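Heads up: the sequence shown at position 276 corresponds to 276 in full-length UniProt numbering, and the numbers run straight through without jumps.
A short worksheet on the structure shown next.
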Amino acid sequence: MLPFVALLLILTKVQCFDFSRIVLPKDTEFFNTTYDTNNKESFFTDYRRVLNEDILLPSATVVRYQYNDTDTLADIMFYAKLTKTSNCRASYDKLDCPFCKEILPDAHVVVTYGKNPLGVSGHISVSEDNKTIYVVVRGAASMRNKITYGVNEMIQHPFIPNAQVHKGMLLALLSIRDTIAQTLDDQLKLHPEYKVVVAGHSFGAGVASLVAVDIQQQFPQLDSTRLKARLLGKPRVGNEGYVAYIGDNNIDLIRYVQYDDGTAHEPSLLKGYLVG
């Protein structure tokens with residue numbers, strides 16, 4: 001028992017933060033809070049995280065808190081429910097179960113994908129009310145998905161110079177890329193004014209990041225007002241070059257994570273990963 005406890009203590013990163021909270025004027029729906037070194041306020045341990053991660057990638061100096069009635073929280077709830085539709089066995093290809101219909105009452109699925117060697121699955125649906133095409137990538141749902149996620153060495157992105165990305169997620173993208181591109185090409189010909197939203201959770205969010213970037217490259221008519229990605233619990237995908245590409249091309253990509261979600265802190269920063 002004692003050796004196990006000793007090993008756990010070695011693996012566990014213990015952080016004690018000394019800070020005080022300074023509330024800034026509330027001129028928006030955000031509650032801005034900054035921290036400076038002062039009174040003890042917080043203590044946590046997490047053996048899943050990399051040692052000294054906060055030194056490698058310092059925390060933000062401003063933390064924003066949301067009220068329950070803000071548009072941001074409404075978006076989070078909507079996209080959390082949307083990604084859940086990709087797990088629905090009752091109406092995976094129709095979105096006609098009570099839960100799915102509540103999310104997108106008028107939507108219809110135009111294609112599902114999942115019959116590929118890596119088993120990467122999801123659906124593309126169209127909402128006339130929202131004038132939006134939704135590309136949803138499911139999280140890891142099979143042993144093949146989990147093995148793919150475990151292939152986490154970085155390799156060169158085939159279409160972005162100086163960008164290296166998670167090998168398994170890139171292979172996942174390549175396994176569904178043609179299906180997504182052909183479907184979007186068809187739907188954008190039918191609905192040239194529609195927007196495109198890419199969504200995913202966990203492993204699916206990582207793949208969806210690559211999907212969104214690929215769509216931006218293949219469909220230049222979709223600028224930042226017509227293409228966005230909303231990714232929940234997303235692991236890290238690429239290096240500084242990949243992150244820079246997303247920023248330089250103004251891709252509207254938002255990553256929603258819970259701080260203590262271990263997946264959001266993987267793969268390690270020591271391997272060269274940032275966010276993306």
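For each residue, glycine too, the CB sits at the ideal point set by N, CA and C.
This structure is a prediction, so every number in the text was calculated from the model and none was measured.
Assign residue i to one of two classes, buried (16 or more other C-beta atoms within 10 Å of its C-beta) or exposed (fewer than that).
i      : result
Asn239 : buried
Leu118 : buried
Pro267 : buried
Gln216 : buried
Gln164 : buried
His123 : buried
Thr28  : Only weak support is given to the placement of Thr28: the predicted model assigns it a pLDDT of 38, under 50, and the value that follows is read from those uncertain coordinates. Thr28 is exposed by the Cβ-count criterion.
Ala203 : With the sequence shown as reference, residue 203 is identified as Phe, and Ala is not the correct amino acid for it. That one is buried.
Leu170 : buried
Ile176 : buried
Leu82  : buried
Asn250 : exposed
Leu173 : buried
Ile147 : exposed
Gly150 : exposed
Asn145 : buried
Lys178 : Sequence check: residue 178 is Asp here, not Lys. That one is exposed.
Gly247 : exposed
Gly200 : buried
Leu73  : exposed
Asp71  : exposed
Leu190 : exposed
Ala264 : buried
Asp214 : buried
Ser20  : Summary for Ser20: the model assigns pLDDT 35, below 50, so the residue's position carries little reliability, and this model does not support an answer.
Just verifying my parser: in three-state terms, what is the DSSP assignment at residue i?
i      : result
Asn32  : At Asn32 the pLDDT is 33, less than 50, meaning the model places this residue with poor confidence; the figure from the coordinates comes in the next sentence. DSSP places Asn32 in strand when its eight states are reduced to three.
Thr112 : strand
Leu82  : helix
Ile124 : strand
Thr70  : coil
Lys146 : helix
Val275 : coil
Val243 : helix
Thr132 : strand
Gly238 : strand
Ile251 : coil
Leu222 : coil
Leu118 : coil
Lys228 : strand
Does the separation of the CB atoms of residue i and residue j fall below 9 Å?
i      : j      : result
Pro197 : Lys234 : Checking the sequence shown, residue 197 turns out to be Val, not Pro. No, the pair does not count as a contact, with Cβ atoms beyond the cut-off.
Leu232 : Tyr113 : no
Arg236 : Gly206 : yes
Leu167 : Ile180 : Per the sequence shown, residue 167 should be read as Lys rather than Leu. Not a contact, by the Cβ cut-off of 9 Å.
Tyr242 : Leu274 : yes
Lys131 : Val109 : no
Ser142 : Tyr134 : no
Ser209 : Leu269 : no
Lys195 : Arg226 : yes
Asp75  : Pro105 : no
Cys97  : Ala90  : yes
Extract the residue ranges of the alpha helix (DSSP H) inside the segment 149-214, only unbroken runs of 4 or more that lie entirely within it. For secondary structure counted as the alpha helix (DSSP H) over 4 or more consecutive residues, the segment 149-214 holds these complete runs in sequence order: 167-190.
With a threshold of 8 Å, are at least 3 pairs of Cβ atoms found where one atom belongs to the segment 211-228 and the other to the segment 170-184? Flag = yes, the segment 211-228 and the segment 170-184 touch.
Under 8 Å: do the segment 130-143 and the segment 86-96 share three or more Cβ pairs, one atom per stretch? Yes, they touch.
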